[in-house]
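For the sequence shown, position 339 (counting from the first letter as 1) is numbered 338 according to numbering that gives the first Met the number 0, and the numbering increases by one without interruption. Backbone N, C-alpha and C define an ideal beta-carbon position, used for all residues, glycine too. One structure is given below, encoded as structure tokens.
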Amino acid sequence: MSSNSSNLPPEEGAMLSTPYLSFLLPCYNEGAVLPETYRRVKAVANALGKSYEIVLVDDGSTDDTLAQMLQFAQRDPAVVVVNLSRNHGHQLALSAGLHYCAGERVLILDADLQDPPELLPPMLALMDQGADVVYAQRRSRSGDRLLKRLACAVFYRVLSRLSETPIPLDSGDFRLISRRVLELLLQMPERHRFIRGMVSWVGFRQVPFPYDRDKRFAGKTKYPFGRLLGLALDGVAASSTRPLALASYAGLLFACAGLLLIVYALYSWWKVGRTPQGWTSLMIVVTVLGSVQLLVLGIIGQYIGRIHEQTRGRPLFLVEGVYRSGKRVPATEPLPAAKATTTLQR
Ligand code: UDP
Ligand code: MG
């Protein structure tokens, strides 16, 4: 069954050396723009004077995207094509692509040239200065429609309020990440993936790189409003369990308002005496039950939040490095137990 892998020529392994940089481009029906994207990425890559690969993910396109990619790959050994079985969505296409990036650094960019590849050199320079993540932050997004700009502005602000770890405002997936960040991302098994939130969660030194977002070079956006809303919901659910606490807050609010209502109902029954029969008791039952239900929902929400965090299966903590005698040792190196015992015996 696995005859395919055993039949691989021996040179195949030799080709798996580590390039300095991987470009990662998820593509869904980008046939109209791909030749220009490839040309511009290639120009930037060649000017770099370092080894590189271009990982193109075809996310189940129905146009000639895959055929074009295969053509590039045929004449250019730097091109790696990852062909998904069907359309999986942008975030999963990115996740799949990350698995095939062999580079020391990975530049993630959209295929539609809204993220100019020419910004690579200054982003690399920031990484040379010690950053693990250089995320491009939109100073302006002239290429997008007003409604989309507005919706995105609201979304990023709500998300940064809700998220447990800070998520930078106005930045998409256009970013340069280091190998160690990539490997940590691959260790996160969660199914609903919101890559930019996951990258922020990893930590280390993450620096912004302001840029002006261009217009889409050709083709149509693959994020109509419904899909954008889906991404927003994924973003909130993946980065925060705070919305689950909303029921508790509503319950508390309802209980306070209900208490006033009960006082008023009792007062009008006792002093005014003109209430219809059964109104006072009905009001009391409705308010008490309503607030108890909301409070209990809030409590259930707290437990669901914990289950959600548990099933997400992220590591408990991530260590940047361990320092002994002022020197950095690999974080994975275990405590030298033998030496410790000797010291103790003395
Ligand atoms: N994309 C993808 N799969 C999808 C939708 C989008 O791989 O299901 C890719 C798309 O080809 C592009 C990137 O994700 O390279 C961003 O999509 P788009 O430019 O349409 O989004 P927008 O910039 O309009 O938000
Ligand atoms: Mg775009």
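- By the CB criterion at 8 Å, leucine 93 and glycine 59 fall outside the cutoff.
- Pairing leucine 23 with threonine 36 gives a Cβ-Cβ distance that is not under 8 Å.
- Comparing alpha-carbon positions, the option among Val318, Arg85, Asn86 and Ala110 lying closest to methionine 68 turns out to be Ala110.
- Counting only runs that start and end inside the segment 98-150, the alpha helix (DSSP H) elements of at least 4 residues fall at 119-127.
- Within the segment 189-227, the complete beta strand (DSSP E) segments of 3 residues or longer fall at 205-211, listed in chain order.
- Counting C-beta pairs closer than 8 Å gives three or more between the segment 247-255 and the segment 292-310, which meets the contact rule.
- In this structure, the C-beta of glutamine 113 approaches the ligand UDP to less than 7 Å from one of its heavy atoms.
- At a Cβ-Cβ threshold of 8 Å, leucine 20 and tyrosine 51 count as neighbours.
- Here DSSP, grouped into helix, strand and coil, assigns arginine 327 to strand.
- Of all alpha-carbon atoms in Lys214, Ala244, Ala72 and Ala135, the one lying nearest the alpha-carbon of leucine 293 is that of Ala244.
- Inter-segment contact for the segment 173-187 and the segment 134-145 is present: three or more beta-carbon pairs are separated by less than 8 Å.
- The three-state secondary structure of tyrosine 19, taken from DSSP, is coil.
- In the DSSP secondary-structure assignment, tyrosine 263 is not bridged to any residue.
- Between serine 141 and lysine 221 a beta carbon distance of about 19 Å is seen, past the 8 Å cut, so the two are scored as non-contacting.
- Per the C-alpha coordinates, the member of Tyr302, Leu112, Ala237 and Val287 positioned closest to leucine 260 is Val287.
- Ordered along the chain, residues surrounding the ligand UDP are Pro25, Cys26, Tyr27, Glu29, Asp58, Gly88, His89, Ala92, Asp109, Ala110, Asp111, Thr220, Lys221 and Tyr222 [Cβ under 5 Å from any heavy atom].
- Around the beta carbon of glutamine 205, a 10 Å sphere encloses 16 or more other beta carbons of the protein chains shown; the residue is thus reported as buried.
- Annotation for valine 78: the continuous beta strand (DSSP E) segment containing it runs 78-82.
- Arginine 215 has its Cβ nearer than 7 Å to a heavy atom of the ligand MG.
- With contacts defined by Cβ atoms closer than 8 Å, phenylalanine 193 and aspartate 143 do not form a contacting pair.
- In the three-state reduction of the DSSP assignment, proline 25 falls in the strand class.
- Counting only the Cα atoms, arginine 148 lies some 52 Å from leucine 265.
- In the structure shown, isoleucine 283 adopts helical secondary structure according to DSSP, grouped into three states.
- According to DSSP, residue pairing for leucine 55 in a beta bridge involves Leu24 and Val80.
- Membership of leucine 175 in the beta strand (DSSP E) is indicated by the continuous run 174-177.
- The alpha-carbon of leucine 125 is positioned some 10 Å away from that of leucine 119.
- If you check the CB distance, alanine 237 and glycine 196 come in under 8 Å.
- Residue burial annotation: isoleucine 306 is exposed, with fewer than 16 other C-beta atoms found within 10 angstroms of its C-beta.
- Looking at Arg212, Met187 and Glu189, the one whose alpha-carbon comes closest to that of serine 170 is Arg212.
- If you check the CB distance, valine 54 and valine 81 come in under 8 Å.
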